[in-house]
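Structure, as structure tokens:
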Amino acid sequence: ILNVEQSPQSLHVQEGDSTNFTCSFPSSNFYALHWYRWETAKSPEALFVMTLNGDEKKKGRISATLNTKEGYSYLYIKGSQPEDSATYLCASPRGSTLGRLYFGRGTQLTVWP
Amino acid sequence: DVKVTQSSRYLVKRTGEKVFLECVQDMDHENMFWYRQDPGLGLRLIYFSYDVKMKEKGDIPEGYSVSREKKERFSLILESASTNQTSMYLCASSLLTGGPQETQYFGPGTRLLVL
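Chains A and B are the protein sequences, given in the same order.
Counting the first sequence from 1 gives a position; this note's numbering is that position plus 11.
Counting the second sequence from 1 gives a position; this note's numbering is that position plus 4.
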């Protein structure tokens, strides 16, 4: 994998459903994996920064896991709520000490009440 | 709280106009970034700066220039706006010392329409 890729591109779920989506990234020279949430009409905001293989991070009903050997991260949302509707972005730096991030195209999540 | 502000939320310009998009951050961050976001393409880096008067090209710098005269302010300039520059423009900032693990803080975006 040469770029950061996310799947699916969009997802529609019912309120209360649990859901997950994937971020794939180059596994060589891994430094970190960032997850952001971008709600409509708001600024993208950081959810997690993950650095260690096997890392698992949690914020409320949202959690993320990291596999650096195979180059993927999963984001899970338990019991989705309409306020979880947003575009979820992942990003990975590529060897730069300047903090430059390479973003995936995002997964657009819509949670229907 | 880190605050990144952008001068306009919405902007309508005509083809050929010179357009300035301004970004200001209040956390003394060294790094500042300009992205554009288009449907289906994600965030693409136009330019970034890691210090005053320093700039680096991102992935899509053609048709754009930048200016960083003060640490807190990073300007994106469209020298002669074209319709293919209609897009959402996002500014971000981060600490230089944090390196690859450093979070970027984003502004609310400017939606630019070039007619």
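Ideal placement from N, C-alpha and C gives every residue a C-beta, glycine not left out.
- Using beta-carbon distances, residue 109(B) counts as an interface residue toward chain A, with a partner under 9 Å.
- In the DSSP assignment, residue 8(B) falls within the beta strand (DSSP E) that extends over 8 to 10.
- Per DSSP, residue 54(A) has no beta-bridge partner at all.
- By the CB criterion at 9 Å, residue 46(A) and residue 98(A) fall outside the cutoff.
- If only uninterrupted beta strand (DSSP E) runs of at least 3 residues are considered, those enclosed by the segment 33 to 77 of chain A are 44 to 49, 56 to 61 and 67 to 70.
- Cα atoms of residue 117(A) and residue 64(B): separation of roughly 19 Å, rounded to the nearest angstrom.
- Residue 52(A) sits exposed, since fewer than 16 C-beta atoms from the chains shown fall within 10 Å of its C-beta.
- Residue-level contact check: residue 65(A) does not touch chain B, since none of the beta carbons of chain B fall below 9 Å from its beta carbon.
- Residue 32(A) has a beta carbon lying at 9 Å or more from every beta carbon in chain B.
- Between residue 8(B) and residue 110(B) a beta carbon distance of about 6 Å is seen, short of the 8 Å cut, so the two are scored as contacting.
- When the beta-carbon positions are compared, residue 38(A) and residue 68(A) stay at least 9 Å from each other.
- In this structure, DSSP gives residue 21(B) a state outside helix and strand, which the three-state scheme calls coil.
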